[in-house]
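For reference, the structure is listed below as structure tokens.
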Amino acid sequence: MSVQVGAGKSVSLKLMAERNIVTYNCAAFFIDVEGEYAKLVQKLGGKTIKIRQGESTGINPFELEKDYKGNREFLNIMDKVADIRALLSTIARNYMGRTLNGTEITEIEIVVNQLYAERGINDDINSIYERNKGKLNNGKYVVGKVKKKMPTLSDFQKKLDERGKCKELAEILIPFLKGNSLGIFDCESTIFSNEDIISFDMSEIKDEFTKLYSSFVILTWVWQKFILKNREKKKLIICDEAWLFLKYKESADFLATVARRGRKYNTPLLIGSQFIDEFINCEER
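Basically this note's numbering = 1-based index in the sequence shown + 8.
Here you go:
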């Protein structure tokens, strides 16, 4: 099934999202590539976060939250390895014109696991918190648990480079580090919002790959910070202009994976084409 440009996909998505939010009191997260949802989000009492090239977003792709297997709570580091691998595969396709080789795939898994292990983080949900609980480095105390600092892209790139087996991959990550043109996600997570409706506005980003990269990272972060929490509440992820993900097999497969995960957590993925539902249905037949 083909969907024509200008066929009203965005209008339909807005109507579907608004009806679900109002009728079912859904939480909703908009990946807004063209800045088309700001008025709707404001109308619904939500928050818009501007994504600007060259500015830190406060969104960290290495963020972890507890996941569930049946009634068991755990930290799903293996899924995080898969997300980082898919992200780096997409970057490699754009910058090196090839897929990741066997050594790079192996090194990504080793480095990601080492970064968490160095911080004492494993599949135990309590390992994500400091042992001294509410005590900060300056000797002051805070109420509740203190979460450990997560690894960042700089940490990953540095360790990958030091290991010396993936020099080309380590070098192409340099523009994605803090202070460089694409270093917008090389940071600790600093967005802690109680809003149920959030739009990530990328309208000031002009090139396609940066929009794809931003959409990719935001989707993984939204999953960790919002979807895995409060499983009982219905949520929506609205990803307009999802055709960006179709440019590379790795990013297309990732979007399909997000759609499958959403079924498990009562979180439909609404996109600006029929690709994902058709992709999943074909695979399941």
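Ideal Cβ placement from N, Cα and C applies to all residues, glycine included.
Within this structure, are the beta carbons of Arg239 and Asn188 separated by less than 9 Å? no
Whole beta strand (DSSP E) elements within the segment 188-249, 3-residue minimum: Within the segment 188-249, the complete beta strand (DSSP E) runs of at least 3 residues are 205-209, 243-247.
Proximal residues to Leu185 (C-beta, below 7 Å), its chain only, five neighbours per side dropped: Leu161, Ser162, Gln165, Gly191, Asp194
May I ask you to report which of helix, strand or coil DSSP gives Lys58? strand
Cα separation between Ala46 and Cys247? 14 Å
C-alpha distance - Lys51 paired with Lys173, whole-angstrom precision: Rounded to whole angstroms, Lys51 and Lys173 show a C-alpha spacing of 51 Å.
Since I believe Phe234 is in contact with Thr98 (beta carbons under 8 Å), could you give me their beta-carbon distance rounded to a whole number of angstroms? 22 Å between Cβ atoms; not a contact.
Taking Leu244 as the reference, give the member of Glu216, Ser259, Pro276 with the closest Cα. Pro276
Integer-rounded CB distance, given that Phe38 should sit under 8 Å from Phe208: 7 Å
Pull up the distance between the alpha-carbon of Ile85 and that of Ser135, whole angstroms please. 12 Å
Along the chain, where does the alpha helix (DSSP H) that runs through Tyr124 open and close? Run containing Tyr124: 110-126, per the alpha helix (DSSP H) assignment.
Tyr103 versus Glu179 - alpha carbon distance: 11 Å
Rounded to whole angstroms, what is the Cα-Cα separation between Lys88 and Arg80? 18 Å
Cβ-based burial, Leu23 [other Cβ within 10 Å; buried from 16]: By the neighbour-count rule (16 or more Cβ atoms within 10 Å), Leu23 is not buried but exposed.
Below 6 Å CB to CB, which residues in the same chain sit around Asp204 once its five sequence neighbours on both sides are set aside? Ala35
Report the rounded CA-to-CA distance for Gly43 versus Tyr32, giving the unit in angstroms. 25 Å
Where Glu81 falls: helix, strand or coil (DSSP): strand
How would you write the range of the beta strand (DSSP E) that Phe37 sits in, first residue to last? Membership of Phe37 in the beta strand (DSSP E) is indicated by the continuous run 35-40.
Would you mind reading off the limits of the alpha helix (DSSP H) that contains Ile180? 175-180
Could you compute how far the alpha carbon of Ala260 sits from the alpha carbon of Leu254? Cα to Cα, Ala260 sits roughly 5 Å from Leu254.
When the Cα atoms are used, what is the spatial distance from Val41 to Ile279? 12 Å
Kindly examine the ligand MN and report whether one of its heavy atoms sits closer than 8 Å to the Cβ of Lys58. What this structure holds is no ligand at all, so the ligand MN is not there to describe.
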